[in-house]
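Participant: Keeping their order, the protein sequence lines are chains A and B. So for the first sequence, our numbering puts the first residue at 1; every next one is plus one. So for the second sequence, our numbering puts the first residue at 101; every next one is plus one. Input: one structure, supplied below.
There are 2 protein chains.
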Amino acid sequence: MANEKPASEKPDNTVYIGKKPTMSYVLAVATLFNSGSNHVTIKARGRSISTAVDVAEIVRNRFVQGLTVDDVKITTEVLEGEEGKTSNVSSIEIFLKK
Amino acid sequence: MANEKPASEKPDNTVYIGKKPTMSYVLAVATLFNSGSNHVTIKARGRSISTAVDVAEIVRNRFVQGLTVDDVKITTEVLEGEEGKTSNVSSIEIFLKK
C-alpha cells in the first residue's frame with residue numbers, strides 16, 4: 001500500500017536483554033508477538049548474549065507457533081569510559097519473524 | 101566444477117568454544133585462516149555463546165583482514181541425561197568467510 005510506513009518508522013519492537021530472569025524476556029517477546037507484531041528484535045551485549053539466544057529459542061520452541069529466525073547480526077560496540085579510555089564489547093541482534 | 105566435493109565432505113574447519121581463555125580460541129581461528137582456510141565455523145553451547153561472539157569479533161577486528169560473518173545460526177540441542185531426563189541447551193554457529 002502506498003501509504004504504508006517504511007520499516008524504520010514502525011514502532012520499535014525491540015527487547016533489550018539485561019540481568020532479569022530469562023523468563024521475563026521470554027514473556028516480553030511472546031507478548032509482542034501475541035499483540036499483533038510480526039517482527040521482534042532481541043538485542044544484548046557481553047555476557048547477556050547467551051541469554052538472548054536462550055530467549056529466542058524458548059519463545060520459538062514453546063510460546064509462539066511458526067516463528068523463524070530471520071537474521072542474526074553480531075557486532076562490536078565501543079564504549080567510552082572515564083579519562084577517554086575505550087573498551088570493546090560484543091553485541092548480538094536476533095531478528096525474529098512470524 | 102563437476103568434481104568439486106560438496107561442503108559436507110570438506111575438511112572440518114570448526115573451532116568449538118569451551119572453558120579455555122578467549123584468546124586461545126582467537127588464535128585457533130586466526131591460525132586456520134592464516135594457513136589457507138577461507139571458511140571457519142565457530143560453535144558454542146550455553147554460557148560459551150558469548151565467548152563465541154567475542155572470538156569472532158576479535159579475529160575479525162584485530163587478526164585477519166577482510167573477514168566477514170557469512171551467517172549465524174542459533175538452535176536448541178537436546179541433551180539426554182541419566183534416567184532419560186532431557187534438558188535443552190541453546191547453541192550458536194558462526195560462519196566466518198575470508
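Note that beta-carbon positions come from the ideal geometry of N, C-alpha and C, so glycine has one too. Quick caveat, the model's predicted, so the values are computed rather than measured.
Please report how far the alpha carbon of A:A28 lies from the alpha carbon of B:E193, in whole angstroms.
Facilitator: 25 angstroms
Participant: Is any beta-carbon of chain A found at less than 9 angstroms from that of B:V172?
Facilitator: yes
Participant: Please confirm if A:V40 has its CB atom under 9 angstroms from at least one CB of chain B.
Facilitator: no
Participant: Counting along the chain, where does the beta strand (DSSP E) carrying B:V155 start and finish?
Facilitator: The continuous stretches of beta strand (DSSP E) do not include B:V155, which lies in the alpha helix (DSSP H) extending over residues I149 to I158.
Participant: Given a threshold of 16 other Cβ atoms within 10 Å of its Cβ, counted over all protein chains shown, does B:Y125 qualify as buried or as exposed?
Facilitator: buried
Participant: B:T151: buried (16+ other C-beta within 10 angstroms of its C-beta) or exposed?
Facilitator: So B:T151 counts as buried.
Participant: Could you check whether the Cβ of A:S87 sits closer than 9 angstroms to any Cβ belonging to chain B?
Facilitator: no
Participant: Mind the definition here: the region 60–67 of chain A touches the region 154–173 of chain B only if three or more C-beta pairs lie below 8 angstroms; say whether that holds.
Facilitator: no
Participant: Is B:M101 helix, strand or coil when you go by DSSP?
Facilitator: Confidence in B:M101 is poor, its pLDDT being 45 and thus under 50, which makes the residue's placement unreliable; the coordinate value appears in the next sentence. Note: B:M101 maps to coil in three-state DSSP.
Participant: Residues in the region 53–66 of chain A with C-beta within 7 angstroms of chain B's C-beta atoms, listed in sequence order?
Facilitator: V53, D54, A56, E57 and N61
Participant: For chain A, check one thing: does any of its Cβ atoms lie closer than 9 angstroms to the Cβ of B:V129?
Facilitator: No, B:V129 does not count as interfacial toward chain A.
Participant: Who does A:A44 pair with in a DSSP beta bridge?
Facilitator: A:I92
Participant: Just checking my contact of A:S90 with B:D154 at CB under 8 angstroms: how many whole Å lie between their CB atoms?
Facilitator: Contact between A:S90 and B:D154 holds, with the beta-carbon distance rounding to 5 angstroms and staying under 8 angstroms.
Participant: Would you list the residues sitting across from B:G187 in a DSSP beta bridge?
Facilitator: It should be noted that the sequence gives Ser, not Gly, for residue 187 of chain B. Looking at the DSSP assignment, B:S187 forms a beta bridge with B:L179.
Participant: On the criterion of 16 or more Cβ atoms from any shown chain inside 10 Å, does A:S35 qualify as buried, or is it exposed?
Facilitator: A:S35 is exposed by the Cβ-count criterion.
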